[in-house]
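Chains as they are written, first to last, in my numbering: chain C, 1 to 152; chain A, 1001 to 1584.
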């Protein structure tokens, strides 16, 4: 077999880095855009390392584009933002089987759920480091707090 | 009329809610003589200790089972629901083979079960056992692997897989204790303990209490090998090493998702070789990438216990002959499949570019374990045959079947040089999958459905293997196998290999229903396929069909005809004479 080198990930990355034109609301905002490909500087079996960009943006207004995964519980105070539309866990039924590149979003005010195939843009204050949601026990590494979102 | 119907419905519900008195191990359980197991009686009602009478073969149970059981006056379910009284005796053993009739009475409840305790020969038939399991390996996987790898001319295969020359030995019934359907936890547990259990359970009978770690235990093969022999133990998988199949070699839990606990159970047994994915459950929760909810650093705990660590294929090669035990973890989650790892570089290969394959891992494991003069038990799982069959990604499942077959070849070579080795090649359960013909891009028109060739119109596929590596040079040939599932969620059939990464047929909506993934809607010629399983189902499911078991080497004559999955353990135990102490 032969290698094939253009990946969907690369295409997604290229799409994500296209200038965000024609989005009035976003153009007004001062949020720093962050893409899923920029979350980690290093991947490894013994752990991941957050990227310099994530460390620099911590505590600052940040915007991210992705897809809303269905809420864990209807009353959960957060939802999970994923890079590609996804099911909760394609092959089993444990909450622990999420991919590494997810961001937990704590909303400022309750908003309605959007379809999992709809791209959304989330704006909030970026936070990194391990955090266990007190209500659900869900452990996350990256969060957007005081967040709001809109469809793109 | 309406009222009568309502009354009937109410009666049915009440009758359904009442549980029968249950004794674990269940009726018709088969138990290796001398192997520790837990005995539990669950009563429907709350009774007093003095009201319970238990006899075994007519004698007071304490005489035969060798201990006094703990009486629990009231077991509680979720939200403190009263479940009834229970009697529990843990870790008992029965030394003498034979039938044991257990009779329980308490108030107006009675229950009788019979266990068969079996012994083994005094001397082992085999020094080594290599247990090769293709997770989900069904007949279609091997047929497709043969055609993709070797080709076919005028109806005859142009070559043979390694597994084609392992004698077929038995059909295996895989059903669970609580359902005709089955999963990798209870199926591998049956192979590795000799006891059938419930879906999602490993190394335990599934009791009624909510705690998943308190269920009545039975001995695993790794524990039996440790107890009775000086043999080494190896576990190799491409899945997370704490996933159900590899976990079943060593662990005990009602819930296969207790992966953080399973890592601890792995350390309790300390297999000499442990190779696979799933490092996320070895890292304390503050380490990015961890999936633990505590601070335990199992990498360090394994190293402290004398393990060398390898995290990619170069470190695996460098540590191939290192002293001590070997822990190889090559991915935080499941390792990438062969098609992505070696050829397309999709999936998560960019993040983990140096993952070894199953063949390299099995080679290192065999080299290390075979240094033990007392022999070894090695379990190798081709994990992703199943992991790619669930999302209906047949090309990835078949290419991983070819990789698994190369491990069969490796084991056969080892067996030639070491004829005192028993090899078992089997699946743990099947999938609802069949090959029905070909898809031919050269057929006229744009409707992909019309390009499906059935009967004479199928012709033969045009895969090639010019470089002779056993894998097709490419999977997106113009005339390829058409492989289809008999079940699944709503999805789009694209009639093409998924070159951009593993197929995700369905995604969940806000009602927790799985809907067809629209990502594939606009692939030219894609057709919508209506699902035929509940909308809560995310992917294709396991089949109830028998599994084919093949075996060669000393002891393999024990496999014959139709066998319950749990009876396979008896043959393994007899091959190693696990009824007899060999550690002196």
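Cβ atoms here follow ideal geometry from the backbone N, Cα and C, with glycine treated the same way.
| Check | Outcome |
| --- | --- |
| How long is the line joining the alpha carbons of residue 1162 of chain A and residue 1406 of chain A, rounded to whole angstroms? | 7 Å |
| Taking the C-alpha atoms as reference points, what is the distance between residue 88 of chain C and residue 1208 of chain A? | Confidence at residue 88 of chain C is low in this model, with a pLDDT of 47, below 50, so the placement of that residue is unreliable and no value is reported for it. |
| Answer with buried or exposed for residue 1096 of chain A, where buried requires no fewer than 16 other C-beta atoms within 10 angstroms of its C-beta. | exposed |
| Residue 1463 of chain A lies in the beta strand (DSSP E); which residues open and close that run? | No beta strand (DSSP E) contains residue 1463 of chain A, which DSSP labels as neither H nor E. |
| Which chain A residues sit within Cβ distance under 7 Å of residue 100 of chain C? | 1289, 1332 |
| So, helix, strand or coil for residue 1389 of chain A, using DSSP? | helix |
| Taking Cβ to Cβ, would you say residue 1566 of chain A is nearer than 8 Å to residue 1259 of chain A? | no |
| If contacts are defined as beta-carbon pairs under 8 Å, then residue 31 of chain C and residue 62 of chain C qualify, I think. What distance do you get, rounded to the angstrom? | 6 Å |
| Let's see if you can read the secondary structure: which residues bound the beta strand (DSSP E) around residue 62 of chain C? | 61-68 |
| Do you know offhand how far residue 1131 of chain A's Cα is from residue 1124 of chain A's? | 16 Å |
| Just to make sure I have the definition right: I need the residues of chain C whose C-beta is within less than 7 Å of the C-beta of residue 1352 of chain A. Which are they? | 43 |
| Closest by CA to residue 1492 of chain A, which one among A:1504, A:1486, A:1500, A:1483? | A:1504 |
| Whose C-beta lies closer than 6 Å to the C-beta of residue 1235 of chain A among residues of the same chain, with five residues either side of it excluded? | 1246, 1249, 1271, 1274, 1379 |
| For chain A, check one thing: does any of its Cβ atoms lie closer than 8 Å to the Cβ of residue 119 of chain C? | no |
| Return yes when the Cβ of residue 1464 of chain A is within less than 8 Å of the Cβ of residue 1399 of chain A, no when it is not. | no |
| Using three-state DSSP, classify residue 1333 of chain A as helix, strand or coil. | coil |
| Use the C-beta contact count for residue 56 of chain C: other C-beta atoms within 10 angstroms, 16 or more gives buried, fewer gives exposed. | exposed |
| Along the chain, where does the alpha helix (DSSP H) that runs through residue 1186 of chain A open and close? | 1184-1193 |
| Using the rule of at least 16 other Cβ atoms within 10 Å of the residue's Cβ for burial, across every protein chain shown, is residue 1447 of chain A buried or exposed? | exposed |
| Any beta carbon of chain A sitting closer than 8 Å to that of residue 46 of chain C? | yes |
| In this structure, how does DSSP classify residue 151 of chain C when only helix, strand and coil are distinguished? | strand |
| Kindly indicate which residue of A:1226, A:1166, A:1425, A:1455 has the alpha-carbon position closest to the one of residue 1437 of chain A. | A:1455 |
| So what's residue 1368 of chain A in DSSP terms, helix, strand or just coil? | helix |
| What is the residue span of the alpha helix (DSSP H) that residue 130 of chain C lies within? | Note, residue 130 of chain C: premise wrong, no alpha helix (DSSP H); beta strand (DSSP E) at 119-132. |
| Closest Cβ-Cβ distance between residue 50 of chain C and chain A: below 8 Å? | yes |
| Would you list, in chain order, the members of the stretch 57-72 of chain C that have their beta-carbon closer than 7 Å to a beta-carbon of chain A? | 70 |
| What's the call for residue 103 of chain C, buried or exposed, on a 16-neighbour Cβ count within 10 Å? | buried |
| Residues of chain A with CB closer than 7 Å to the CB of residue 130 of chain C, please, in chain order. | 1285, 1286 |
| Can you give the Cα-Cα distance for residue 1020 of chain A and residue 1300 of chain A, rounded to whole angstroms? | 46 Å |
| Within its chain, find whatever has a CB closer than 6 Å to the CB of residue 1072 of chain A; leave out the 5 residues flanking it on each side and keep chain order. | 1086 |
| Can you look up residue 1115 of chain A in the DSSP assignment and give me helix, strand or coil? | strand |
| Assign residue 1268 of chain A to buried or exposed, taking buried as 16 or more other Cβ atoms, counted over all protein chains shown, within 10 Å of its Cβ. | exposed |
| Locate the beta strand (DSSP E) running through residue 1382 of chain A, then write down its first and last residues. | 1376-1382 |
| Who are the neighbours of residue 165 of chain C on chain A, taking C-beta pairs under 8 Å? | An answer regarding residue 165 of chain C cannot be provided, because it is not within the stretch 1 to 152 covered by chain C. |
| Report the option in A:1411, A:1376, A:1352, A:1373 whose CA atom is closest to the CA atom of residue 1359 of chain A. | A:1411 |
| If we define contact as Cβ-Cβ less than 8 Å, is residue 137 of chain C a contact residue for chain A? | yes |
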